[in-house]
Structure formats: structure tokens, C-alpha cells
Amino acid sequence: MQRYDKATVVIKYGGHAMGDPKLAQDFARDVVLLKQSGVNPVVVHGGGPQIAKLLERLSIKSEFKDGLRVTDRETVDVVEMVLAGSVNKEIVAAINAHGGKAVGISGKDANLMRARKITRTWRDPDSNIEQIVDLGFVGNPDQVDPHIVDVIIQSDLIPVVAPIGVGEDGETLNINADTFAGALAAAMKAKRLLLLTDVEGVLDKQGKLVKALTTKEALALIEDGTISGGMIPKVESCLGVVAKGVEAVVIMNGKVPHAVLLELFTEHGAGTLIERSGAPAP
Numbered sequence: 073m074q075r076y077d078k079a080t081v082v083i084k085y086g087g088h089a090m091g092d093p094k095l096a097q098d099f100a101r102d103v104v105l106l107k108q109s110g111v112n113p114v115v116v117h118g119g120g121p122q123i124a125k126l127l128e129r130l131s132i133k134s135e136f137k138d139g140l141r142v143t144d145r146e147t148v149d150v151v152e153m154v155l156a157g158s159v160n161k162e163i164v165a166a167i168n169a170h171g172g173k174a175v176g177i178s179g180k181d182a183n184l185m186r187a188r189k190i191t192r193t194w195r196d197p198d199s200n201i202e203q204i205v206d207l208g209f210v211g212n213p214d215q216v217d218p219h220i221v222d223v224i225i226q227s228d229l230i231p232v233v234a235p236i237g238v239g240e241d242g243e244t245l246n247i248n249a250d251t252f253a254g255a256l257a258a259a260m261k262a263k264r265l266l267l268l269t270d271v272e273g274v275l276d277k278q279g280k281l282v283k284a285l286t287t288k289e290a291l292a293l294i295e296d297g298t299i300s301g302g303m304i305p306k307v308e309s310c311l312g313v314v315a316k317g318v319e320a321v322v323i324m325n326g327k328v329p330h331a332v333l334l335e336l337f338t339e340h341g342a343g344t345l346i347e348r349s350g351a352p353a354p
């Protein structure tokens, strides 16, 4: 526990762990325990399933391109309502119910996260013509000012952050929660970024969990095809975060009870830890 005393740990919370009431309560309790143990937890949350449910109820159709939601003006209003509103306050209330003092903010507060709109190229399978796709109000982090989060964690408060950013013209931009958490962790030079996902972590060719990887080893596993599919962008994102100064990133299964505590406070951990090549053992 001394290893993380006064250290900043950014936790991206989402997936099935957020949708399971028992796991959600366990997570809230664990975050309170971290704060009481001298760690400074910063929670960044997703909310894709909740957004989809409300859009369906409102009969607003969603289109996806390359896994990203095409977000028009009507949709971004719903995204902000869900992320910065109901989901954020639900997590805040759960942490507070277990003895913590959580405060909910978004990337719009105090200009925490300035972002740029994303555009993607897409090749029409019929004509084979490449087209530029406007994803609407979807952004990538551009400038991060973590001052508000620093102020919060230096007190007895726990920040819970919705992944919403501010665009160049002051417009609201929806940011992928993994990307948002990575940018914030890098700006804060966090000791750890924990990505709670729906998978165990990186698996080897025999399907067994790889408990630790250096950046060099991770690149080699991508090269030889061991890391494939949707895990490639997730690992590449982790490598980018580590390169920017975060000591290590952990991809872990949020469905495992008390996964955060197992990762930080036990020797065997609870997922795949990715650290800089040549970094000292954690």
C-alpha cells in the first residue's frame, strides 16, 4: 500500500461492471477505500449502453462509422444529458453512500478538456472510392488543463469525470472514455491508468493472460498477430499513454469483484500491465 501513497490513479470505469448493480456498489466501496488508504483516485466513466437506451426511447436513430457514433446536434444533447447528468450523478451518489465525498464534473468544467472534431476516411465497398466521414460532435483531446482535478484530489474529495470536451467554437464534443482517461492520466503524470473493460486483458496464443508487458514486448505481440482485432487499438492507446509519462497502464476485467484493489494491493494483480521498456518492476 505504501507504493501508492499520495499517488494519482486514473480509473476508466465502464462496460458491464457499470451495468451490474452489485459490481457497481463494490466499485464505489473500493474507490472510497483507495482514498482512505492515501491514494488519489480519479474516476473517468463511460455510458454507451445508457446513451443507446435513451436515444431509443426518444426515437433518435444512431449511425456508427468505424465503431464511433456519428453524433449530430440532437444526439450530442442526449450524450451530454446522460454522461454529465444521470450516469455521473449515479456514480457520485454510490461513492457518497459508502462514506466517500465524490464530486461530479465533465471535461467542460474549468476547460479541463479542450478537443478537436474527429473526421475519418471511409472506403465505399461498392465503388472503392475513399470518402471523408464527418462524425459530427465527436472529438479527440487537444489541450488538457488538469487544474480542477488537482484541486479536488488535494482535498478529501474524489473527482468523477464525464468524458465531454469543449470544441474550438465552444461546442460540446463527445470523447471516447478510454481516450479521455488516457489524456487526463498523461497530463497528470499519473502513476497508474486502470482500464476496466469486459475482457481479462491481453491473452497469449494459448489464450492465457499475459500479466505484464513492456512497450517493446507489446509491439512484438501486435507484429506477430498475438494481439489482434479490437485489442490492437486499445494496446496502442496504452503505449501512447505510457510514452507520455504515465508509469504503467493496466487492461483489466471490470467484471471481477474488487478488481481495482486486487491490481493495486496484491502482487499478482488483476490484468495486463503495460510499462515502458526497461522500467523497474512495479
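Sequential numbering of the sequence shown, starting at 73, is according to this note's numbering.
Note that beta-carbon positions come from the ideal geometry of N, C-alpha and C, so glycine has one too.
**Asked** By a C-beta neighbour count over all protein chains shown, 10 Å radius and 16 as the cutoff for buried, is D241 buried or exposed?
**Response** Position 169 of the sequence shown, counted from the first residue, corresponds to residue 241. The residue is exposed, with fewer than 16 neighbouring Cβ atoms inside 10 Å.
**Prompt:** Between which two residues does the alpha helix (DSSP H) carrying E152 extend?
**Reply:** Locating residue 152 in the sequence shown gives position 80, counting from the first residue. Run containing E152: R145 to E152, per the alpha helix (DSSP H) assignment.
**Message:** Contact between the region 311 to 327 and the region 76 to 96 is defined here as three or more beta-carbon pairs at a separation below 8 Å; is this criterion met?
**Reply:** yes
**Asked** Cβ atoms of V175 and V232: under 8 Å apart, would you say?
**Response** By one-based count along the sequence shown, residue 232 stands at place 160. By one-based count along the sequence shown, residue 175 stands at place 103. A contact, by the Cβ cut-off of 8 Å.
**Message:** Using the three-state DSSP reduction, which class does P354 fall into: helix, strand or coil?
**Reply:** Here residue 354 refers to the residue found at position 282 of the sequence shown. Model confidence at P354 stands at a pLDDT of 43, short of 50, so the residue's coordinates are unreliable; what they give is reported in the following sentence. The answer is coil: DSSP assigns P354 none of H, G, I, E or B.
**Prompt:** Assuming K173 contacts D228 under a Cβ cut-off of 8 Å, what Cβ separation, rounded to an integer in Å, is found between them?
**Reply:** Counting from 1 along the sequence shown, the entry for residue 173 is found at position 101. Counting from 1 along the sequence shown, the entry for residue 228 is found at position 156. About 6 Å separates the two Cβ atoms, so the contact holds.
**Asked** Once you ignore the five residues that flank V150 on each side, which residues in its own chain have a CB closer than 7 Å to its CB?
**Response** For the purposes of this step, residue 150 is taken as the residue at position 78 of the sequence shown. Residues I123, L126, L127, L130 and I132 of the same chain have their beta carbon placed closer than 7 Å to that of V150, with the five preceding and five following residues left out of the count.
**Asked** DSSP state of R75, grouped into three classes?
**Response** To locate residue 75, count along the sequence shown from 1; it is residue 3. Helix, per DSSP.
**Item:** Beta-carbon proximity check, L184 vs I220, cutoff 8 Å
**Value:** If you number the sequence shown from 1, residue 184 lands on position 112. If you number the sequence shown from 1, residue 220 lands on position 148. Taking 8 Å as the Cβ cut-off, L184 and I220 qualify as a contacting pair.
**Three-state secondary structure (DSSP) of L266** = By 1-based counting over the sequence shown, the position of residue 266 is 194. In the structure shown, L266 sits in a strand (DSSP, three-state: E or B).
**Expected contact under 8 Å - CB spacing of V238 and G179 to nearest Å** = By one-based count along the sequence shown, residue 238 stands at place 166. By one-based count along the sequence shown, residue 179 stands at place 107. V238 to G179, Cβ: 7 Å. Contact.
**Prompt:** Looking only at its own chain, which residues have a Cβ that is under 7 Å from the Cβ of A257, when we skip the five neighbours before and after it?
**Reply:** Stepping through the sequence shown from its first residue, residue 257 is reached at position 185. Taken in chain order, the residues that qualify are V82, L265, V313 and V318.
**One or two residues paired with N212 in a DSSP bridge** = For the purposes of this step, residue 212 is taken as the residue at position 140 of the sequence shown. DSSP, once it has assigned bridges, lists R188 as partnering N212.
**Request:** Could you please give me the residues that DSSP links to K180 through a beta bridge?
**Result:** In the sequence shown, residue 180 corresponds to position 108, counting from 1. For K180, which the question treats as bridged, DSSP gives no partner whatsoever.
**Request:** Would you list the residues sitting across from M169 in a DSSP beta bridge?
**Result:** Position 97 of the sequence shown, counted from the start, is the residue given in the question as residue 169. According to the sequence provided, residue 169 is Ala. The question's Met does not apply to it. For A169, which the question treats as bridged, DSSP gives no partner whatsoever.
**Item:** A284 versus F99 - alpha carbon distance
**Value:** To locate residue 284, count along the sequence shown from 1; it is residue 212. To locate residue 99, count along the sequence shown from 1; it is residue 27. Near 23 Å, if we compare the C-alpha coordinates of F99 and A284.
**Prompt:** First and last residue of the alpha helix (DSSP H) that includes A320?
**Reply:** In the sequence shown, residue 320 corresponds to position 248, counting from 1. Segment A320 to N325 is the beta strand (DSSP E) holding A320; no alpha helix (DSSP H) there.
**Item:** The beta strand (DSSP E) enclosing K84, as first and last residue numbers
**Value:** For the purposes of this step, residue 84 is identified with residue 12 of the sequence shown, where counting begins at 1. Where K84 is concerned, the enclosing beta strand (DSSP E) stretches over T80 to Y85.
**Request:** Assess, as a yes-or-no matter, whether the region 159 to 172 is touched by the region 206 to 221 under the definition of 3 or more beta carbon pairs within less than 8 Å.
**Result:** no
**G118 versus I247, H330 and C310, residue with shortest Cα-Cα distance** = Counting from 1 along the sequence shown, the entry for residue 118 is found at position 46. Cα-wise, what sits closest to G118 is I247.
**Asked** Whose CA, out of S199, V114 and I177, lies closest to the CA of Q226?
**Response** As a first step, residue 226 is located in the sequence shown; it is residue number 154 there, counting from the start. That would be V114, whose Cα lies nearest to the Cα of Q226.
**Request:** Check the C-beta distance from V307 over to A290 and give it rounded, since I have them as a contact under 8 Å.
**Result:** One-based indexing of the sequence shown puts residue 307 at position 235. One-based indexing of the sequence shown puts residue 290 at position 218. Contact holds; Cβ gap of about 6 Å.
**Request:** Would you mind reading off the limits of the alpha helix (DSSP H) that contains A255?
**Result:** Counting from 1 along the sequence shown, the entry for residue 255 is found at position 183. For A255, the enclosing alpha helix (DSSP H) has its first and last residue at A249 to M260.
**Asked** How many angstroms separate the CA atom of A182 from the CA atom of N200?
**Response** In the sequence shown, the residue the question calls residue 182 occupies position 110. In the sequence shown, the residue the question calls residue 200 occupies position 128. Note on geometry: alpha-carbon atoms of A182 and N200 lie some 44 Å from one another.
**Asked** Where do the ends of the beta strand (DSSP E) carrying H117 lie?
**Response** Here residue 117 refers to the residue found at position 45 of the sequence shown. N112 to H117 is the span of the beta strand (DSSP E), which, as asked, contains H117.
**Prompt:** Roughly how many angstroms lie between the CA atoms of R186 and D102, to the nearest whole one?
**Reply:** Residue numbering aside, residue 186 sits at position 114 when the sequence shown is read from its first letter. Residue numbering aside, residue 102 sits at position 30 when the sequence shown is read from its first letter. Cα to Cα, R186 sits roughly 30 Å from D102.
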